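In what follows, a structure is listed as structure tokens, so that the remarks can point back to it.
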Amino acid sequence: MENDFDILKNIKLVNAPDFLFTRIISKIENRLAIKISKGAAISWSVSLVIVVIVNVTVLLSQSQTTKQETMIESMNLLPDNNLYE
Amino acid sequence: MTFEELYNNHKNLVFNLALQYVQNTEDAQEIAQDVFVVVHQTLASFRNEADPKTWIYRVTINKSLDFIKAKKRQKRFGFLTSLFYPDSNEIKYDQKGFDHPGIEIEQKESLELIFKHINNLPENQKTALILSKIEDKSQKEIADIMKLNVKAVESLIQRAKVSLAKNLEKNEGK
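So the sequences go chain by chain: B and H. Sequential numbering from 2 applies to the first sequence in the numbering used here. Sequential numbering from 33 applies to the second sequence in the numbering used here.
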């Protein structure tokens with residue numbers, strides 16, 4: 002049985018190709034670029050969401066005030082607690 | 033130790049070990065690239081280790097096994113695609129043949145057969161056998177690399193040898 006495996010010892014060591022290092026460096030650089038663009042995309046989308054939320058909040062609060070004011074006006078009421086003008 | 037130093041000290045180790053797993057130059061180059069990308073990413077934690085060799089062995093083994101799994105998935109996916117879209121040429125399994133530059137032509141046929149059976153062994157048996165019989169590592173070193181105890185390594189090598197011998201016998205009988 003051992004003889005079958007002895008042949009495995011005849012496998013020679015080979016040198017890694019010279020261009021391997023260049024390829025590795027370019028792969029690392031590509032990954033960094035992807036990481037940076039991912040980070041930028043995430044920060045852009047987060048800021049967009051914040052802007053949208055702020056806009057919606059402002060719009061909603063404004064429309065509520067307008068509704069309240071319209072109702073008060075229609076009923077000829079004063080918006081404060083004074084009974085007489 | 034800088035990345036370049038680490039690369040220069042271990043490039044042949046990584047490339048040869050990957051070759052023992054995939055027996056193909058192109059695939060071994062791809063694995064070696066992935067290994068050194070990981071090494072670069074974890075360079076800071078790596079600098080404190082006295083001998084990074086064991087760690088590099090581990091990364092290479094894991095990356096080689098992942099690569100083989102990915103190839104198998106790709107093969108299955110390619111087969112399924114060919115069932116549903118017989119005319120599709122877009123997704124096809126890229127089958128690369130036995131092309132081990134460390135093997136001489138006279139021994140190519142017999143070693144190709146042995147590797148065919150080694151490739152069918154369970155992952156840990158395959159790793160133990162490669163480290164022991166091809167990389168010529170001691171059982172203690174293999175135990176360190178595989179994070180096992182020496183007894184477990186001994187048993188893995190023994191089981192690998194037995195099933196390999198059985199399969200080779202079967203093959204001779206055919």
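Backbone N, C-alpha and C define an ideal beta-carbon position, used for all residues, glycine too. This structure is a prediction, so every number in the text was calculated from the model and none was measured.
Run through the DSSP bridge pairs and tell me what residue i is partnered with.
{"i": "Asn56(H)", "result": "Asp131(H)"}
With DSSP as the reference, label residue i as helix, strand or coil.
{"i": "Asp81(B)", "result": "coil"}
{"i": "Glu167(H)", "result": "coil"}
{"i": "Ala197(H)", "result": "helix"}
{"i": "Leu243(H)", "result": "Residue 243(H) is absent from the structure shown; chain H starts at 33 and stops at 206."}
{"i": "Leu45(H)", "result": "helix"}
{"i": "Thr265(H)", "result": "Past the boundaries of the shown model lies residue 265(H); chain H is included only from 33 to 206, so the question cannot be answered."}
{"i": "Ile123(H)", "result": "Any answer about Ile123(H) is weak, because its pLDDT of 45 lies below 50 and its placement is not dependable; what the coordinates show is given next. Correct three-state label for Ile123(H): coil."}
{"i": "Ala17(B)", "result": "coil"}
{"i": "Ile35(B)", "result": "helix"}
{"i": "Met33(H)", "result": "coil"}
{"i": "Ile51(B)", "result": "helix"}
{"i": "Thr74(H)", "result": "coil"}
{"i": "Met72(B)", "result": "helix"}
{"i": "Ile12(B)", "result": "coil"}
Going by the beta-carbon positions, is the gap between residue i and residue j smaller than 7 Å?
{"i": "Asp66(H)", "j": "Lys95(H)", "result": "yes"}
{"i": "Ile100(H)", "j": "His42(H)", "result": "no"}
{"i": "Val70(H)", "j": "Val91(H)", "result": "yes"}
{"i": "Gln171(H)", "j": "Val185(H)", "result": "yes"}
{"i": "His72(H)", "j": "Ile37(B)", "result": "no"}
{"i": "Asn48(H)", "j": "Leu21(B)", "result": "no"}
{"i": "Thr159(H)", "j": "Ile63(H)", "result": "no"}
{"i": "Glu12(B)", "j": "Ile150(H)", "result": "Before going on, a small fix: residue 12(B) reads as Ile here, not Glu. No, they are not a contact pair."}
{"i": "Ala175(H)", "j": "Val182(H)", "result": "yes"}
{"i": "Ile135(H)", "j": "Leu143(H)", "result": "yes"}
For my contact list, residue i and residue j are in at a C-beta cut-off of 8 Å; report their separation, rounded to the angstrom.
{"i": "Leu153(H)", "j": "Leu196(H)", "result": "7 Å"}
{"i": "Phe130(H)", "j": "Phe147(H)", "result": "7 Å"}
{"i": "Gln139(H)", "j": "Ile25(B)", "result": "In fact, because the Cβ distance is near 31 Å, the residues do not count as touching under 8 Å."}
{"i": "Ala17(B)", "j": "Asn44(H)", "result": "5 Å"}
{"i": "Met178(H)", "j": "Asn156(H)", "result": "7 Å"}
{"i": "Ile189(H)", "j": "Leu161(H)", "result": "6 Å"}
{"i": "His132(H)", "j": "Gln55(H)", "result": "5 Å"}
{"i": "Phe35(H)", "j": "Leu97(H)", "result": "No, Phe35(H) and Leu97(H) are not in contact; Cβ-Cβ is about 24 Å, not under 8 Å."}
{"i": "Leu38(H)", "j": "Pro84(H)", "result": "7 Å"}
Could you check if residue i belongs to the surroundings of the ligand HEM, using beta carbon to heavy atom distance under 6 Å?
{"i": "His72(H)", "result": "With respect to small molecules bound, the structure shown includes none, and the ligand HEM cannot be examined in it."}
*asked:* Threshold first: 4 residues or longer. Then list the alpha helix (DSSP H) segments lying entirely within the stretch 135-165 of chain H, N to C.
replied: 137-150, 155-161
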